[in-house]
Every structure is written in structure tokens, then in C-alpha cells.
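Accompanying notes for the structure given below.
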Amino acid sequence: MRLSYLLLFGLVSSVAFFSGCEESVVLRPGEIDVVLPEKPLPVESFAAQELTNFLSRVLGAPVPVVEKAREGRGVIMLGRATGFDVSGLERDAFRIRVEHSGADVRPVIRIAGRDGGGDVFRNVWKSGQHTHVERATLFGVYSFLEDFAGVRFYFPGELGTVANRRETLQVGVQDKITSPWFSVRSTIISREGAWYEPLPEGWHADSGKALNWLRQRFETARIPCCHGQNKFRMAERFAATHPEYFQLRADGTRCTSLEKKGSHGEHLWQLCQSSGVWDVFHDDIVADGRTGYVDVMPQDGYVACECQACQSKYRRNPDGSLADSFASELVWGRTADLARRFLDEGRTDLVFTQMAYGGYSDVPDVDLPTNILVMVAVPGPWNVHNPGPHAADISKIRAWDRKTGRRVWLWTYPQKFAQTTLPGVPSFAPRAWGQFFKDAAPDIIGSFCESETDRWLFHYLNYYVFSRIAWNPATDVDAVIDEHNRLMFGAGSEEMARFLDILEEKWVKGIAGRIVETPVGPQSMPPCENEIWTKVYSPSVLAEMERLLADAERKAGAGSLEARRIDLLRREIYAPLKGAAESYRSLMCDAEAERKFRAGLSDDGNLLKGVEWRSCGPVSRFDDKTFFSAPDSMAISTCTNKDARSGWFVAKVTLEPSSKYRLSYFVKCDDVQPIFRGGGVSAIVRPGGAVGKNVSEWTFPEHRNFLSGTTDWIPQVFTFETDASWPDRSEATVLLQVRYAVGTAYFDDVRMDRL
């Protein structure tokens with residue numbers, strides 16, 4: 005495999021027109037056949053199946069598959085039946101030739117591209133995964149259906165596919181080759197949330213998502229670049245014999261443990277990038293006979309190694325502290341050394357992939373040889389409404405373009421994860437996806453979108469817009485969305501457009517892309533759940549959305565296909581949102597309701613009765629001026645001082661195994677502003693002493709437990725359970741805290757009951 009071929013993969017995408025004129029041919033119902041080669045490949049057969057299925061629906065008459073063209077009938081030839089030599093086409097490119105034949109000017113259409121021998125549809129229904137089998141003829145069929153038959157593949161199924169009836173189809177005479185602008189066109193499948201409807205018996209749970217992957221014409225080949233150093237299995241092989249290969253910690257130990265502990269246990273055994281590990285990589289590559297791409301990205305969660313060799317190569321701020329991209333010179337320098345070493349050895353069949361990520365995300369000063377491909381990690385679509393962060397993302401991409409002299413590819417994060425998990429809240433944002441990828445398109449060969457979500461339909465139009473831009477970066481995103489609303493919702497399109505715009509506005513501006521001015525500068529920070537359900541998705545906002553759906557359904561007409569689509573979005577998008585709001589409000593009872601509930605509890609049942617609350621840090625105190633119940637409350641006041649950004653009150657409580665507990669308290673916030681993500685006012689329970697697993701993570705979403713802003717006294721109620729492995733009468737620690745925030749919080753009437 006030549007280096008030039010590898011570097012050209014996806015880097016010289018184009019759309020070429022060999023010829024064309026204003027003539028056209030007409031496809032009429034009952035007068036068109038599809039022709040396959042004598043022994044069709046599975047890809048060709050599936051392409052014919054998709055073509056005849058949708059073309060028959062559009063024309064209102066069967067479109068049969070035949071062995072050869074029949075006299076007096078129009079014909080669409082697929083794959084090798086066209087006689088085209090497609091060996092010179094780049095991957096995923098296809099050729100469509102339209103002409104007429106005979107005195108009756110019958111249409112002759114040829115569609116072909118490079119196809120592999122694998123069975124793409126079997127992979128879809130059996131394993132629910134896309135496949136890297138080449139299938140450019142299938143892509144040509146989808147393009148033909150979209151461009152000339154008006155078919156739209158928003159998502160698989162009757163309700164997500166538009167194939168409106170037409171009397172005839174007029175197709176311009178042409179000979180055209182189409183190539184994708186992005187060779188990398190990829191999203192998450194396995195963690196995209198539940199499918200929206202039952203699938204045929206025997207299909208995999210992810211089959212609908214995999215079919216969507218085919219119809220959106222997503223990628224057919226993957227360039228590996230994801231913590232590839234792990235694949236060398238350094239810890240298993242060398243932890244005992246070469247501890248110097250592993251990062252030196254501040255306590256003098258080496259990062260050699262194979263035991264996974266905590267939520268980031270998979271980020272253990274960090275390597276010392278200044279050590280001999282790169283010689284091991286070289287020798288393994290030679291011994292294994294590797295060719296093509298080699299991923300040499302470090303382990304995730306990369307932190308600074310304390311050894312002198314690494315420290316001497318790290319970038320530093322003027323005050324001597326480590327820069328954000330502290331390891332760029334080291335990691336990219338070692339990557340360049342390895343790549344250059346193989347070039348010196350005459351190995352032009354290898355290309356090394358490395359990601360600009362975390363501590364090595366900025367462009368280094370070191371020169372990079374041509375056998376390195378660069379992937380750049382940036383947040384992506386959720387930043388587009390924040391000019392500063394979005395401009396910084398695009399600037400970083402362009403800086404890497406200039407450094408390498410060619411387009412890079414991206415790892416983006418348009419997902420629901422960590423602080424934006426928020427079950428039931430739609431991450432619907434096609435305009436944001438469109439703006440980001442249009443802005444980035446001139447400088448990239450595509451993107452992997454790490455797009456986890458809890459319901460697949462939350463992202464259906466995000467994916468559709470991404471696909472349009474991936475094939476044509478000049479796509480008018482607003483026009484695509486307007487067409488979607490018109491075709492999907494008919495007479496209810498105006499109301500549905502407003503409904504969907506509310507979803508995007510609330511998600512991108514109010515939640516995932518929310519920028520907060522904090523005492524330490526602007527920070528990207530989702531709101532606490534109290535703010536989500538009282539301000540972002542307030543009762544009045546939800547009422548407006550309910551009204552828009554009702555009006556849209558009424559205008560679309562009861563029982564119509566458009567009304568059924570509206571009802572689907574009500575069930576799959578609005579109902580989960582409304583349910584999440586109701587769930588929150590059911591837990592957030594008002595103060596009077598909590599008083600009444602507590603009146604039925606025995607005071608002796610309070611496990612925290614009489615415990616000693618110990619203040620931790622200089623900002624915690626007992627306050628006899630502000631309280632819910634006399635004589636005082638526990639107050640925590642924080643400020644921007646590094647040692648005073650967090651404060652706690654701590655108490656010990658004895659818990660039993662296999663038991664359920666209720667923790668409740670009243671809290672009042674006075675202008676609490678988080679400084680970093682995850683900051684705010686909360687209470688947590690930890691087993692053992694002050695360290696250990698956060699019980700709140702076992703039992704309720706962490707974001708629900710963090711408050712900010714200004715509130716009156718409100719009750720907070722949470723339940724948690726100990727399992728059978730909990731030691732009998734073992735102590736746990738209750739912490740009331742303000743963490744990474746500025747402001748004052750008051751806690752009062754804290755109690756814990758065994759249920």
C-alpha cells in the first residue's frame with residue numbers, strides 16, 4: 005500500500021461533471037425495469053431492492069428486476085451491469101449516466117461505483133452494525149432517489165421516510181461522478197439510545213440505526229485513532245520487568261497497576277512518553293508485519309509524568325505552572341521520531357495517526373513528516389452559539405491544517421454525557437450541527453461524532469443534516485430543515501417548525517452550550533436541574549410546546565400520515581421531556597408538604613439526631629441569623645480564593661446492609677455561582693470515611709443534587725440503598741457542601757430515616 009494512496013484517501017474529494025445538457029428523459033409507471041449483472045453481489049442486490057421499493061411507491065406501479073433490458077421499456081442498470089470501469093473512482097464515489105435510446109426516447113440510466121463482496125444488509129439485521137464493505141452503487145441509488153424521485157430518508161420506517169406519489173419522473177440527461185466531501189462520516193450507533201418502534205422479528209435492537217447509517221451514506225472505511233498505545237498491551241507485558249516505561253507519580257511510584265478502581269479505572273497504566281516505549285512500538289510494528297494505519301495515541305486521561313525527562317519537555321505558563329497543552333512537544337515529538345524512523349527504513353506503507361487531544365492538543369513546534377495523519381478533538385456543535393469558543397475551535401482546526409499542509413479530521417462531542425446526561429431532555433439541534441460542520445468543512449476530511457443520547461430520535465435530524473454537509477458542504481441547512489418540516493408535517497409544518505426550534509434553542513443555548521460569567525471568567529456550564537425545570541423548560545414553556553403539537557395535529561388532519569408523524573414526536577420527544585419535568589417536580593415537594601410528611605415521622609427515627617456536625621474549611625459556620633428552624637443553620641460561604649472555593653459540613657452515621665434510606669434537608673442559596681462544571685450546592689453520602697464512592701451516584705442523577713443561583717428555602721429529598729455487601733453497622737459520611745462555586749448556602753433540618 006503506497007503512502008501516496010493512503011494520504012489521498014478522502015483528501016481529494018470532488019464532484020466532477022463530464023457532460024450535461026438540458027435534455028431529459030421521462031420515467032413512467034409500468035414502463036421501467038431494473039437490471040442487475042448475471043451474478044449480482046449482495047451490495048448490488050440490496051441496491052436493487054431499495055431502488056425498486058421506493059421507485060415503485062413513487063410511481064405507483066411495480067418496478068421489476070430483470071436479467072436484461074427489454075424492448076420498448078426504460079431501464080436502470082446497476083453496478084457491473086452498467087459496463088462502467090469504476091476502478092479509478094475513489095472510495096464511495098459513484099457515477100450516474102442518463103441518456104435515451106430508440107425512437108421512443110426510452111430512458112437508459114446507469115448507476116455504479118466500487119462495491120465489495122460483503123452482505124451489507126445481513127450485517128444490518130443480524131448484528132445491528134454498519135459494515136466497512138464498499139457500497140458506492142448503493143450510494144448512487146440513494147442519491148438518484150433523492151435527487152430525481154424526491155425521496156427523503158430522515159429515519160427508517162414509514163413515518164421517517166418520504167416517498168410521495170408522482171405521475172412521472174423527469175431526469176436530466178447527464179454523465180456525472182459524485183464524491184463525498186467528507187471521507188470520514190461517522191456517528192455513535194451502540195450508545196444512541198432506544199429505537200422508536202418495534203423491529204421485525206429476528207432483527208437486532210440496533211438494526212434500525214444501522215439501516216439509517218446506510219441510507220445516510222455514512223462512511224465505509226475507518227481511520228483508527230483512539231488511544232492506540234493501549235493495543236500494545238504494555239502493562240500486561242512490562243509492568244513487572246520495566247516499570248520505567250510507566251509514568252512516575254508524585255509519590256514516587258510508577259503507574260503500573262492493572263487493577264481498575266473508580267469511575268476512571270480504565271485510565272490506569274499511563275506510559276512515560278520519554279521512556280523506551282516508542283522503541284517497543286517500533287519493534288512490535290516490524291515484528292507484526294503491520295501495514296496501513298498505525299494508531300499511536302496515548303492512553304485516555306493523560307496526566308503529567310513526574311520524571312525529569314518528561315518535565316523538561318513540558319510547556320509551562322509564565323508562572324511556572326503547566327500549560328493546558330503541556331505535552332504537545334513531547335507527544336508529537338515522539339510521534340514524529342517514530343514516523344520518520346520508518347521513512348528512513350524505506351517503509352512507505354505505514355501512516356501513523358495521532359490525535360490533538362487534552363494535554364497535547366495544541367500545534368507543536370516540532371516538524372511533522374508526511375506519514376502522520378492528524379485528528380483534532382474539539383467540542384463541536386454545542387459551542388456554535390458562543391462566538392469565542394466556536395471561533396477557538398475553528399482556529400485550532402485551521403492551525404493544524406497549516407501545520408500539516410492538508411485537511412485534518414475531527415473527533416467531536418455532540419452528546420448527552422456527564423453534566424448533560426439529563427434523561428428525557430432532547431438534544432435536538434440540527435442547525436447547530438449544520439453551522440459547525442459548514443464552518444469546519446473547508447479544513448476537514450470529516451468527523452467522528454461521539455453522539456451518545458438516551459433516545460435515538462433526539463438526534464435523527466442532526467444526523468440527516470450532517471450527512472447532507474458531508475456530501476456537499478454548500479448545503480443550505482435552513483432550506484433542508486424547512487423542506488423537512490414541510491414534507492413531514494404538511495399543514496402542521498409552521499407549528500412543528502416552532503416546536504423543533506424551541507427544542508434546539510433550549511438545548512444549545514440553555515443547557516449544553518450555556519456560557520456563564522463567573523468570578524474566574526466565562527465558563528461552559530449546564531444549569532442545575534432546578535433551573536432547567538423552573539426556567540429553561542418552565543411550566544409555561546412546556547405548555548406552549550403542548551399547544552403547538554395540538555395545533556399541528558389539528559391542521560394536519562386526524563389520521564393523516566403527517567398527523568401520525570406529529571404524534572410520534574409527541575410520544576418520543578415531548579413525552580419524555582414532560583415526564584422528566586413531572587418526575588423532578590414530584591421529588592421537589594414544597595416546604596409545607598415536607599413539614600407535613602415529617603410530622604408523621606418519629607423524631608427518634610432520625611439517624612442524624614444528636615450527631616456532631618463538623619465544619620471543614622475556613623468558609624463553614626453556624627449562622628443564627630438565617631435559618632429554617634431555630635436556633636441556627638449550617639452556612640457555607642465561598643469565594644474565588646483558591647483555598648475557599650469549597651466548604652463542607654460533615655457528620656457520621658451508621659448504616660445497615662440491604663437497607664433503603666431517605667436523606668432530606670432544607671437549603672437556601674444566596675447568589676451561588678459555579679466556577680467549574682460540577683460546582684454548586686449539594687449533599688452526598690459516602691461509605692467509610694470522607695473518601696469513597698458517592699452514594700448519590702448509585703441512586704439519583706448527580707445534576708439533580710447540585711443547586712445554584714438564588715432560592716428561598718426549598719426541601720431536598722433523596723433515597724439510596726445499601727446492598728448485601730455493606731458491612732454490618734458500618735459508618736458512612738454525610739457531607740453538606742458548596743463545591744467549586746462562589747456564594748452562600750444555608751442547610752437546616754437535616755435528617756436521615758431508614759425506610
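So the mapping is simple: the numbering used here equals the position in the sequence shown, first residue as 1, plus 4.
Idealized CB from N, CA, C, for every residue including glycine.
| Check | Outcome |
| --- | --- |
| Report yes if the C-beta distance between F186 and I515 is below 8 Å; otherwise report no. | no |
| DSSP state of S90, grouped into three classes? | The residue you asked about is not Ser; residue 90 is Val in the sequence shown. V90 falls in the coil class under three-state DSSP. |
| CA-CA distance, T260 and G362? | 22 Å |
| By Cβ distance below 7 Å, which residues in the same chain neighbour D753 in space, the five residues on each side in sequence not counted? | F632, S633, Y669, F670 |
| State the start and end residues of the unbroken alpha helix (DSSP H) segment that holds S316. | 312-317 |
| Which stretch, first to last residue, makes up the beta strand (DSSP E) that contains A360? | 354-360 |
| Should the region 457-476 be regarded as contacting the region 196-204, the criterion being three or more beta carbon pairs within less than 8 Å? | yes |
| Below 8 Å on the Cβ atoms is my guess for W336 versus L372; work out the distance and round it to an integer in Å. | 7 Å |
| Which first and last residues belong to the alpha helix (DSSP H) in which K442 is found? | 434-444 |
| Under a Cβ-count criterion, where at least 16 other Cβ atoms within 10 Å of its own Cβ denotes burial, should G428 be classed as buried or exposed? | buried |
| In the DSSP assignment, find the unbroken beta strand (DSSP E) run with S619 in it and report its ends. | 618-620 |
| Pull up the CB-CB distance for L667 and M756, whole angstroms please, since I reckon it's below 8 Å. | 5 Å |
| Roughly how many angstroms lie between the CA atoms of L15 and R402, to the nearest whole one? | Note that L15 scores 37 on pLDDT, short of 50, meaning its location in the model is unreliable; the coordinates nonetheless yield the value given after this. For L15 and R402, the distance between alpha carbons rounds to 15 Å. |
| If we count the other Cβ atoms within 10 Å of its Cβ and call it buried at 16 or more, is G121 buried or exposed? | exposed |
| Could you have a look at Y744 and say whether DSSP puts it in helix, strand or coil? | coil |
| Grab the span of the alpha helix (DSSP H) containing H141 for me, first residue to last. | It is worth fixing the name first, because residue 141 is Thr in this sequence and not His. Residues 140-153. |
| Compute the distance between the beta-carbons of H394 and R345, then report whether it is under 8 Å. | no |
| In terms of residue numbering, what span does the alpha helix (DSSP H) encompassing K475 cover? | Looking at the sequence itself, residue 475 is Trp, so the reference to Lys does not match. Counting along the chain, the alpha helix (DSSP H) containing W475 begins and ends at 464-475. |
| Could you check whether A52 and V69 sit closer than 8 Å to each other, using their CB atoms as the reference points? | yes |
| Given a cut-off of 8 Å on the beta-carbon distance, is the pair P33 and A65 in contact? | yes |
| For Y306, does the three-state DSSP call read helix, strand or coil? | coil |
| With a 10 Å radius around its C-beta and 16 neighbouring C-beta atoms as the bar for buried, classify F470 as buried or exposed. | buried |
| Check for me: the alpha helix (DSSP H) holding D179 runs from which residue to which? | Counting along the chain, D179 falls outside any alpha helix (DSSP H), though it belongs to the beta strand (DSSP E) covering 173-182. |
| Using the rule of at least 16 other Cβ atoms within 10 Å of the residue's Cβ for burial, across every protein chain shown, is E701 buried or exposed? | Low confidence applies here, because E701 scores a pLDDT of 37, under 50, leaving its location unreliable; read the following figure in that light. Result: exposed. |
| Quick one: measure Cβ to Cβ for K656 and L759, integer angstroms, because I've assumed they're closer than 8 Å. | Not a contact, Cβ separation roughly 20 Å. |
| Jot down the residue ranges of each uninterrupted beta strand (DSSP E) in the region 404-428, minimum 3 residues, whole runs only, in chain order. | 412-416 |
| Kindly confirm or deny that the region 242-256 and the region 489-504 touch, where touching means at least three C-beta pairs closer than 8 Å. | no |
| Is it the case that the Cβ atoms of K136 and R226 are separated by a distance below 8 Å? | Note on identity: in this sequence residue 136 is His, with Lys being the wrong assignment. A contact, by the Cβ cut-off of 8 Å. |
| Specify the secondary structure class of W652 as computed by DSSP and reduced to three states. | strand |
| Does DSSP classify Y665 as helix, strand or coil? | strand |
| Does DSSP classify S399 as helix, strand or coil? | helix |
| Please give the ranges of any alpha helix (DSSP H) in the region 480-510, keeping only runs that are unbroken, at least 4 residues long and fully inside the region. | 481-493, 497-508 |
| Is it the case that the region 586-601 contacts the region 718-737, given that we only count it when at least three CB pairs across the two stretches are under 8 Å? | yes |
| Can at least three beta-carbon pairs, one atom from the region 552-569 and one from the region 603-615, be found at a separation below 8 Å? | no |
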